[in-house]
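As numbered in the numbering used here, residues 6 to 140 make up the sequence shown, in order. Positions of the beta carbon are idealized from the N, C-alpha and C atoms, including for glycine. In what follows, a single structure is set out as structure tokens and then discussed.
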Amino acid sequence: MNKNYSLEDLSLIAAEIISSAKSKTLLFYGEMGVGKTTLIKEICKELKVQDSISSPTFSLVNEYQTSTNEKVFHFDFYRIKDLEEALDMGIEEYFYNNDWCLIEWPGNIENLLPLEAVEVNLTILDNRKRNIQLK
């Protein structure tokens, strides 16, 4: 997938990511302000998350429940100090439980990421448009 999109297209983009992803672990790459959290919120809506969705910037992870009793884990590793901090929180257990794992700032824990994870690369085209590439 390689598409340009606007906010109006977010629900379609989120649905396409879910249907085309070959893994439930999605790695969101992009600069600050590109819309990673906004896209993750839309993906959570598409997955029928029932909880309030917010960025786990200070807690590192938020757990959400879907209407079909699936779990969705939303990670934000922007403020992580070192890999030991991620290991201490049991990161490997999250990644290998077949639950959705949506990860912002995955580059900060690069050595711990599952090999089969899907990269979601976001770039700003202008203040109304973004580009998304899935790898």
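### Query
Does the Cβ-Cβ distance between Phe80 and Cys106 come in under 8 Å?
Position 75 of the sequence shown holds residue 80. Position 101 of the sequence shown holds residue 106. Yes, they are a contact pair.
### Query
With a CB to CB cut of under 6 Å and the five nearest residues on each side skipped, what residues in its chain are close to Asn113?
Walking along the sequence shown from the start, residue 113 turns up at place 108. The residues are Phe82 and Ile85.
### Query
For the candidate residues Phe78, Phe63 and Ile45, whose alpha-carbon lies nearest to that of Gln70?
Here the question's residue 70 lines up with position 65 in the sequence shown. It is Phe78 whose Cα lies nearest to the Cα of Gln70.
### Query
According to DSSP, which residues form a beta bridge with Tyr10?
Locating residue 10 in the sequence shown gives position 5, counting from the first residue. In DSSP, Tyr10 forms a bridge with Arg135.
### Backbone CA spacing between Ile108 and Lys41 [nearest angstrom]
Counted from its first residue, the sequence shown places residue 108 at position 103. Counted from its first residue, the sequence shown places residue 41 at position 36. So the two alpha carbons sit approximately 9 Å from each other.
### Query
Leaving out five residues before and five after Ile58 in sequence, what residues of the same chain have Cβ atoms less than 6 Å from its Cβ?
Numbered from its first residue, the sequence shown carries residue 58 at position 53. Closer than 6 Å at the Cβ level, and outside the excluded window around Ile58, lie Lys46 and Cys49.
### Query
If we count the other Cβ atoms within 10 Å of its Cβ and call it buried at 16 or more, is Asn8 buried or exposed?
Within the sequence shown, numbered from 1, the residue matching residue 8 stands at position 3. The question names Asn, but residue 8 in the sequence shown is Lys. Classification of Lys8: exposed, given that the 10 Å Cβ count is below 16.
### Task
Use the C-beta contact count for Leu52: other C-beta atoms within 10 angstroms, 16 or more gives buried, fewer gives exposed.
Here residue 52 refers to the residue found at position 47 of the sequence shown. Leu52 should be labelled buried.
### Task
Check the DSSP bridge columns for Val39 and list the partner residues they point to.
Mapped onto the sequence shown, residue 39 falls at position 34. In the DSSP output, where bridge partners are listed per residue, Val39 has none listed.
### Query
Would you say Ile18 reaches chain C, if we count a Cβ-Cβ gap shorter than 8 Å as a contact?
Structure shown: chain C not included; a single protein chain is present.
### Query
Quick one: complete alpha helix (DSSP H) runs, 4+ long, within the region 45-115?
88-93 and 96-100
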